[in-house]
Amino acid sequence: MILPGINLISIRHFSMLSIHAHTFGPYANCVYVMYSNVKKVAVVIDAASGSFDGLKKCLAGHDIHLFLTHGHWDHMCEAAKFQRELKAVVYAHKADQDWFATAEQRKYAPPGISFETISPNIWVEHGQVIQCGDLSIKVLYTPGHTPGQIALYMESLGSVFVGDTLFYRTVGRTDLPGGNFDQLKNSIRRILYILPPHTAVYPGHGEKTRIDAEQKHNPIVPLRENSL
Ligand SMILES: [Zn+2]
Ligand SMILES: [Zn+2]
């Protein structure tokens, strides 16, 4: 039933933006998709194993902006497919260029994983704001898990996508090449923990959390040293 006087186009225009969370691959990577309300524009966070086949139908016909949180294979192994076949514009931080460009890290992936290197279209920097339709994305540079790890902050959604920096009640590993725990701790305290307390945190694996909850309850990096 169509109610008189209500314009369906304007209803669509004012509908709430939503975050579509998907899980793909042997490490249960979280891949997030958001659609702009004003244009056929989609934002995708990470390109895990299986994500291309899982998402290509939904994404077809959109201008796609694919953000890679960092260069580990489980987050970028299918980015080249999005770039080549769906003409996605791929964004990442240059400090992980070696991870993106060399096939060497295939050795970390289980056998049978489709893995391609990727040349991102755009290298991003801390503080850069990228407009994708009506979605505004601020890049936060958060090294530690890898040298080129970034977070993507979407103030309009009250949400931050943190890759493998911060998880529900834990933090990302720093024992892989290029990892640095002091850097990770600084990134969490100086970049993520200064976001508004109610900001939803969407990690690269596992369940979502909130900035204030991790400040209080994270056993590895609480808000202050010795605050537990
Ligand atoms: Zn990682
Ligand atoms: Zn990961």
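Take the sequence shown: its letters are residues 1361 to 1588, numbered as in the working numbering. Even for Gly, the Cβ is constructed at its ideal location relative to N, Cα and C. Remember, it's a predicted structure, so these values are computed and weren't measured experimentally.
By the rule of a C-beta closer than 5 Å to any heavy atom of ligand 2, the residues picked out are 1434, 1524, 1564. A Cβ-Cβ distance of about 6 Å is found for the pair residue 1526 and residue 1563, placing them in contact under the 8 Å criterion. Under the rule that a run must span 4 or more residues, the alpha helix (DSSP H) segments found entirely inside the stretch 1415 to 1455 read 1433 to 1436, 1439 to 1445. Ranked by Cα distance from residue 1547, the first of 1378, 1505, 1536 is 1505.
Taking all protein chains shown into account, residue 1513 has 16 or more neighbouring C-beta atoms within 10 Å of its C-beta and is therefore buried. With contacts defined by Cβ atoms closer than 8 Å, residue 1400 and residue 1425 do not form a contacting pair.
If the five residues before and after residue 1570 are omitted, its C-beta is found closer than 8 Å to the C-beta atoms of 1557, 1558, 1559, 1560, 1561, all from its own chain and listed in chain order. In the structure shown, residue 1512 adopts extended strand secondary structure according to DSSP, grouped into three states. When DSSP states are grouped into helix, strand and coil, residue 1565 belongs to the strand group. Take the alpha-carbon of residue 1449 and the one of residue 1496: they are about 15 Å apart. DSSP places residue 1558 outside any beta strand (DSSP E), giving it a letter other than H or E. Sorting 1467, 1417, 1420, 1381 by C-alpha distance to the C-alpha of residue 1406 places 1381 at the top. Counting C-beta atoms within 10 angstroms of its own C-beta, residue 1474 has fewer than 16 neighbours from the protein chains shown and is therefore classed as exposed. Collapsing the DSSP output to three states places residue 1387 in coil. Distance from the CA of residue 1463 to the CA of residue 1476, rounded to the nearest whole angstrom, comes to 7 Å.
Residue range 1541 to 1547 is occupied by the alpha helix (DSSP H) that includes residue 1547. Per the DSSP secondary-structure output, residue 1530 pairs in a beta bridge with 1527. Spanning the alpha carbons of residue 1523 and residue 1503 requires a straight line of approximately 11 Å. Distance from the C-beta of residue 1532 to the nearest heavy atom of ligand 1 is below 7 Å.
The C-alpha of residue 1453 lies about 10 Å from the C-alpha of residue 1500.
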